[in-house]
Amino acid sequence: MTTLPKNPSELEEVEYTGSPLERMAACLAEILADNKNPAITDKLKYCHTLAVGIEKYVDALSTPHTPLEEKVFQDTANEDWATRFKEGLVSFIPPKAMMTDQPEAAFLRVITQLTRAERILEIGMFTGHSAISFAVSKLVKEVVCLDVEPFFETFLKKRVQGTELEKKVTVVLGPAMESLQDLKNKGQKFDIVFIDADKTNYLNYYKTIMDSGLLSERGIFLIDNAFWGGSVIPGLNGGLGSTIHEFNEFVAQDNRVEQVVVPIRDGVSIIVQKQ
Ligand SMILES: C[S@@+](CC[C@H](N)C(=O)[O-])C[C@H]1O[C@@H](n2cnc3c(N)ncnc32)[C@H](O)[C@@H]1O
Numbered sequence: 028m029t030t031l032p033k034n035p036s037e038l039e040e041v042e043y044t045g046s047p048l049e050r051m052a053a054c055l056a057e058i059l060a061d062n063k064n065p066a067i068t069d070k071l072k073y074c075h076t077l078a079v080g081i082e083k084y085v086d087a088l089s090t091p092h093t094p095l096e097e098k099v100f101q102d103t104a105n106e107d108w109a110t111r112f113k114e115g116l117v118s119f120i121p122p123k124a125m126m127t128d129q130p131e132a133a134f135l136r137v138i139t140q141l142t143r144a145e146r147i148l149e150i151g152m153f154t155g156h157s158a159i160s161f162a163v164s165k166l167v168k169e170v171v172c173l174d175v176e177p178f179f180e181t182f183l184k185k186r187v188q189g190t191e192l193e194k195k196v197t198v199v200l201g202p203a204m205e206s207l208q209d210l211k212n213k214g215q216k217f218d219i220v221f222i223d224a225d226k227t228n229y230l231n232y233y234k235t236i237m238d239s240g241l242l243s244e245r246g247i248f249l250i251d252n253a254f255w256g257g258s259v260i261p262g263l264n265g266g267l268g269s270t271i272h273e274f275n276e277f278v279a280q281d282n283r284v285e286q287v288v289v290p291i292r293d294g295v296s297i298i299v300q301k302q
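Under the working numbering, the first residue of the sequence shown is numbered 28, with each subsequent residue one higher.
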């Protein structure tokens, strides 16, 4: 478990993991270092402490990783991705912030238990950290994970082999839009759909699932990276931030659903069908 910082100097260390608060903290640390105006130093320190402290607080007070989540998390962080890329085993070098972290893992586990979900669809699996967060809940029967990289499937399978999750996690390789079509043709239904793959296709995934019957009657969506580091905010818009903002706006105006954008880590939206 992450321990709470005991003094403000411990708050100086900020590692970017994709959250807007961490970006803010990094900016504030730079301003603090350059600041020559003692009149605002205390206020700057307060803002910096708040920005870093809230993230640390959420880390420290959210339930820790289960052992298997921790293993996949550590193994993924320690993998020599540059070498795997040179060997041609992966088609890109995954950035550090690609994987869900410990508080988001707790969030996924809590939502899974709250909804009493049995079947989960994950679009964008990576090494399976979030897939495990879903699969550990006792009620969950299957987590179907879509990804394009065979190495990620091998990576996860090695780690779930021999555990009680081995039979719960199914990996479907191929572009997610094609896999969704196959799942639809097979008449599959899901209680939670977690969208966390290529951001430019978020809207396509959402529309396809809403219109294809892949969502069960009580089914919900969870959407990762709803903030895209804060660049969804008008005025800070740019690149994929604008794409995700358009997606968030589309859902906000979709009368079939209700959406709440939860400010955990890089933002996770919960979308439920109106009853
Ligand atoms: C942000 S990562 C997923 C992280 C994972 N959910 C976790 O928390 O550990 C996005 C994943 O989407 C996959 N991906 C990207 N484009 C895709 C596509 N068109 N179809 C299926 N998977 C795709 C990538 O290979 C990558 O593993």
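Cβ coordinates follow ideal geometry from the N, Cα and C atoms, glycine included.
Whole-angstrom C-beta distance between L59 and L71, which should lie under 8 Å:
5 Å
Identified DSSP bridge partners for E149
C172 and F221
Under the three-state DSSP convention, the category T127 falls into
coil
Whose C-beta lies closer than 8 Å to the C-beta of K301 among residues of the same chain, with five residues either side of it excluded?
N282, R283, V284 and E285
At what residues does the beta strand (DSSP E) containing I67 begin and finish?
Note, I67: premise wrong, no beta strand (DSSP E); alpha helix (DSSP H) at P65 to L88.
Helix, strand or coil for P47, going by three-state DSSP, please let me know.
helix
Within 7 Å, strictly: CB atoms of G45 and G256:
yes
Does the segment 119-136 come close enough to the segment 182-198 to have 3 or more Cβ pairs within less than 8 Å?
no
Take V299 as the anchor and find which of G268, I250 and F153 has the nearest alpha-carbon.
I250
Quick check: what's the CA-CA separation for V199 versus G189?
20 Å
Hey, D218 and E145 are a contact pair by Cβ (cut 8 Å); roughly how many whole angstroms apart?
6 Å
To the nearest angstrom, how far is the alpha carbon of F161 from that of M152?
12 Å
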